[in-house]
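Everything on this sheet refers to the single structure shown next.
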Amino acid sequence: MSFIEVKDLCKDYRIAKSGKGLTGAVKSLFHREYTVKNAVKNVSFDIERGEIVGYIGPNGAGKSTTIKMLSGVLIPTSGTVTVDGIVPYESRRKNAERIGVVFGQRSQLYWDLPISDTFDLYESLYDVPKETFRKNCDFFTELLGMGDFLNQPVRQLSLGQKMKANIAIALLHDPSVLYLDEPTIGLDVTSKTVLREAIKTINHEKGTTIMLTTHDMDDIEAVCSRLILIDKGTKLFDGTLDNFKTRYKKDVTVKLEFEGNVPDIQPPAGFTVAERDKHMLMLCTERGSSRDAMIELIRVYNPQNIYAIEPRIEDIVREIFG
516 MSFIEVKDLC
526 KDYRIAKSGK
536 GLTGAVKSLF
546 HREYTVKNAV
556 KNVSFDIERG
566 EIVGYIGPNG
576 AGKSTTIKML
586 SGVLIPTSGT
596 VTVDGIVPYE
606 SRRKNAERIG
616 VVFGQRSQLY
626 WDLPISDTFD
636 LYESLYDVPK
646 ETFRKNCDFF
656 TELLGMGDFL
666 NQPVRQLSLG
676 QKMKANIAIA
686 LLHDPSVLYL
696 DEPTIGLDVT
706 SKTVLREAIK
716 TINHEKGTTI
726 MLTTHDMDDI
736 EAVCSRLILI
746 DKGTKLFDGT
756 LDNFKTRYKK
766 DVTVKLEFEG
776 NVPDIQPPAG
786 FTVAERDKHM
796 LMLCTERGSS
806 RDAMIELIRV
816 YNPQNIYAIE
826 PRIEDIVREI
836 FG
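Following our numbering, the numbering of the sequence shown begins with 516 at its first residue and continues without gaps.
Here it is, written out as structure tokens:
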């Protein structure tokens, strides 16, 4: 049995239609019509204990809705979901004791309290043993670099500092699984790097299962070995990052560098020039093998250096959704 099991999960919303003008408003009082929005449609996946999985898709794809059903906030329309053997919406309190949740645009902090006081509040809320609590406070304070602002009121903190505190709070009670919904939204490059490294360390040191939803594909490439792609509530892909690149990226890009000027030679059949300057030439081809493409270009151009350019997840996702 997998740690998280999702089978044919669906979530529908009934949205009331409103008629136009006064006549339509009056009619809707006596006879209301509805449209049904399928936020999540027959999504199935399994996640093993200790995995870090990226859950990606465009706005409105159903990512946050799925997380809310996994965390017990929403009840599915149909299908089943279990987290460590628990049905989240049936045993909400028991499920809450075993999970941590961070929504990037919502804070668990109190505006006028310092973070240290908020930590104490959550110790009582989760009934965390004193020894475990103090050990976790020290661990996350050091890991996330919060020592300098631990006793400052939240209103004085930057967005990155508040996000670090939110992640620490979600983990103080040693949850088995952590759901992160847009944890790096609005953060600068340095803060993003710190959080990504912290997520990997938490997974390694604590064995925490992590499910990450984000629009920043650099987050996925930095911390995840597996991703699930959904669109309009339907799962499109579930597998490793390498398999994702192989499946969706058909072009091969090769960069050639020369000691002197780039030779005035026409690209071989099937290759097109993507970029060119005095000493560098970048070519693209739809050939499936980087190795075959490089052998062909070495034969034709004899460059000083040659590199196969790995496609970025962000570029592939952009192509998929146009």
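Note that beta-carbon positions come from the ideal geometry of N, C-alpha and C, so glycine has one too.
Kindly indicate which three-state DSSP category residue i falls into: helix, strand or coil?
i    : result
R814 : helix
V588 : coil
I717 : helix
G594 : strand
V709 : helix
A789 : strand
F773 : coil
T723 : coil
T768 : strand
M516 : coil
I831 : helix
Compute the distance between the beta-carbons of residue i and residue j, then report whether it is under 7 Å.
i    : j    : result
F560 : I743 : yes
G615 : L686 : yes
K578 : T728 : yes
I700 : L665 : no
V568 : M732 : no
Out of the options, state which residue places its alpha-carbon closest to the alpha-carbon of residue i.
i    : options                   : result
S517 : I530, E563 and N557       : E563
P611 : L585, Q620, G594 and S622 : One detail in the question is off: residue 611 reads as Ala in this sequence, not Pro. The shortest Cα separation from A611 among L585, Q620, G594 and S622 belongs to L585.
I828 : I571, D653 and S673       : I571
F654 : T592, H688 and H730       : H688
K526 : E720, V815, R547 and I590 : I590
L524 : V558, I717, V598 and S804 : V558
E657 : L672, V709, Y625 and G785 : V709
Counting along the chain, where does the alpha helix (DSSP H) carrying residue i start and finish?
i    : result
R529 : Counting along the chain, R529 falls outside any alpha helix (DSSP H), though it belongs to the beta strand (DSSP E) covering I519 to A531.
Counting along the chain, where does the beta strand (DSSP E) carrying residue i start and finish?
i    : result
G569 : I567 to I571
D561 : Y549 to I562
D487 : Because the chain is modelled from 516 through 837, residue 487 falls outside the range shown and cannot be assessed.
N820 : N820 to I824
L798 : M795 to T800
Query - Completely contained beta strand (DSSP E) runs for the segment 728-757, where each covers 3 or more residues - result: 741-746 and 749-755, all fully within the segment 728-757.
Query raised in the report: Which runs of the beta strand (DSSP E) spanning at least 3 residues fall entirely within the segment 597-673, listed in chain order?
Result: For the segment 597-673, whole beta strand (DSSP E) runs of length 3 or above, ordered along the chain, are 614-618.
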